[in-house]
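Here's the structure we're looking at; comments come further down.
Chains as they are written, first to last, in our numbering: chain L, 1 to 86; chain W, 87 to 312.
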């Protein structure tokens, strides 16, 4: 068993509006004249610390948890999971 | 007739609801803590507003995993009237008892203001005393009150007459201005506005009668004469 840090990013699916990201883009970043920026998406990040046999099993376990207890609402959001050695 | 008011950690409209049920409509109401089950002899269940678990992760999602929700589910299958108000509505959608989801308002602000609802379905246990298209002046108080459902769900809601209330104006970006929906059987109703803050003339600057009909509908459904 090894310990892993697993980063879970929850963001809206494409097509679901993200007024927070739009406000940060339009009213902060573009107002600062960083005109090369075309999009900002807001997201929520959770970091799990978990003991598992491998990176792969850590990834699968965290995905299972996210689906089971509805860490994200699949109607409107998706999660991406990145595993790091602790 | 016994009405259960479910209390979660962070509920804050439970006492307002209890007051209206008991002092205004003279019903036998009882608080039930979320960690315990509901008794069999309850005739209606209300999930009140508030900020269960501080809206952590997402409004309603943690409370949707509370032990009491299993009993609420069973009661919904038996056809018992269940009303979720504001956070109660959020809990009902997160527990899968009602379709759709509630997202942050388009303004990203906590919105606390009076709105006008339009009654779209007057067959539910909470709307049977209304005329169709009747207006209800009623306050909202939420940050995550924008109802969202995908196109397919919206079509089925319309087809099955599950849209119970709409805002008469665009308020927060809700799909099709939806403010409240019911399940297919019509016994589970969720709404973002707060009827318990609108049924007394002392605190309703417009007209308290329409909101009162939400509770009078429940009395009618249960055959209670006040």
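Each residue gets a CB set at the ideal place from its N, CA and C atoms; glycine is no exception. Source: prediction; values computed, not measured.
When burial is assigned at 16 or more other CB atoms within 10 Å of the CB, is residue 290/W buried or exposed? buried
Check the Cβ of residue 234/W against every Cβ in chain L and list those closer than 8 angstroms, keeping chain order. 16, 75, 76
Neighbourhood of residue 95/W by C-beta, 7 angstroms cutoff - its chain only, sequence neighbours within 5 removed: 138, 139
Kindly say whether residue 187/W, judged by its beta-carbon, lies nearer than 8 angstroms to any beta-carbon of chain L. yes
Quick check: is the beta carbon of residue 141/W nearer than 8 angstroms to any beta carbon in chain L? no
Residue burial classification, residue 13/L (beta-carbon count within 10 angstroms, cutoff 16): exposed
Taking CB distances under 8 angstroms as the criterion, tell me whether residue 192/W reaches chain L. Closer than 8 angstroms: yes.
Name, please, each residue of chain L whose Cβ falls closer than 8 angstroms to the Cβ of residue 147/W. 70, 73
Would you check whether the ligand ATP has a heavy atom nearer than 7 angstroms to the C-beta of residue 84/L? The model on display carries no ligand, and the ligand ATP is accordingly not part of it.
Whose C-beta lies closer than 8 angstroms to the C-beta of residue 293/W among residues of the same chain, with five residues either side of it excluded? Around residue 293/W: 223.
According to DSSP, residue 203/W sits in a beta bridge with which residue or residues? Paired residues: 222/W, 253/W.
By DSSP, does residue 228/W sit in helix, in strand, or in coil? strand
Measure from the alpha carbon of residue 114/W to the alpha carbon of each residue in 128/W, 122/W, 231/W, then state which is nearest. Of 128/W, 122/W, 231/W, the residue nearest in Cα terms is 128/W.
Starting from residue 20/L, find everything on chain W with Cβ-Cβ shorter than 9 angstroms and list it in chain order. 190, 194
Applying the 10 Å Cβ sphere with the 16-neighbour rule, what's the burial state of residue 84/L? Residue 84/L comes out exposed.
Output needed for residue 24/L: all residues of its chain with C-beta closer than 6 angstroms, excluding positions within five of it in sequence on either side, in chain order. Answer for residue 24/L: 40, listed in chain order.
Got a sec: which bits of the region 106–123 of chain W sit with their beta carbon under 9 angstroms from any beta carbon on chain L, in order along the chain? Cβ contacts with chain L: none found.
Residue environment, residue 279/W, which counts as buried when at least 16 other CB atoms sit within 10 Å: buried
Pull up the CB-CB distance for residue 320/W and residue 297/W, whole angstroms please, since I reckon it's below 8 angstroms. A question about residue 320/W goes unanswered here, because the residues of chain W that appear run from 87 up to 312.
At which residue ranges does the region 20–60 of chain L contain complete beta strand (DSSP E) runs of 3 or more residues, listed in the order of the chain? 43–52
Counting only the same chain and skipping the five closest in sequence on each side, list residues whose C-beta sits under 6 angstroms from that of residue 154/W. 92, 120
Helix, strand or coil: how does DSSP classify residue 128/W here? coil
State the CB to CB distance for the pair residue 185/W and residue 235/W, rounded to an integer number of angstroms; the pair is presumed to be in contact (CB under 8 angstroms). 6 angstroms
Check each residue of the region 19–39 of chain L: if its Cβ is closer than 8 angstroms to any Cβ of chain W, include it; give the result in chain order. Residues 19, 20, 23.
Bounding residues of the beta strand (DSSP E) (the contiguous stretch that carries residue 5/L): 2–12
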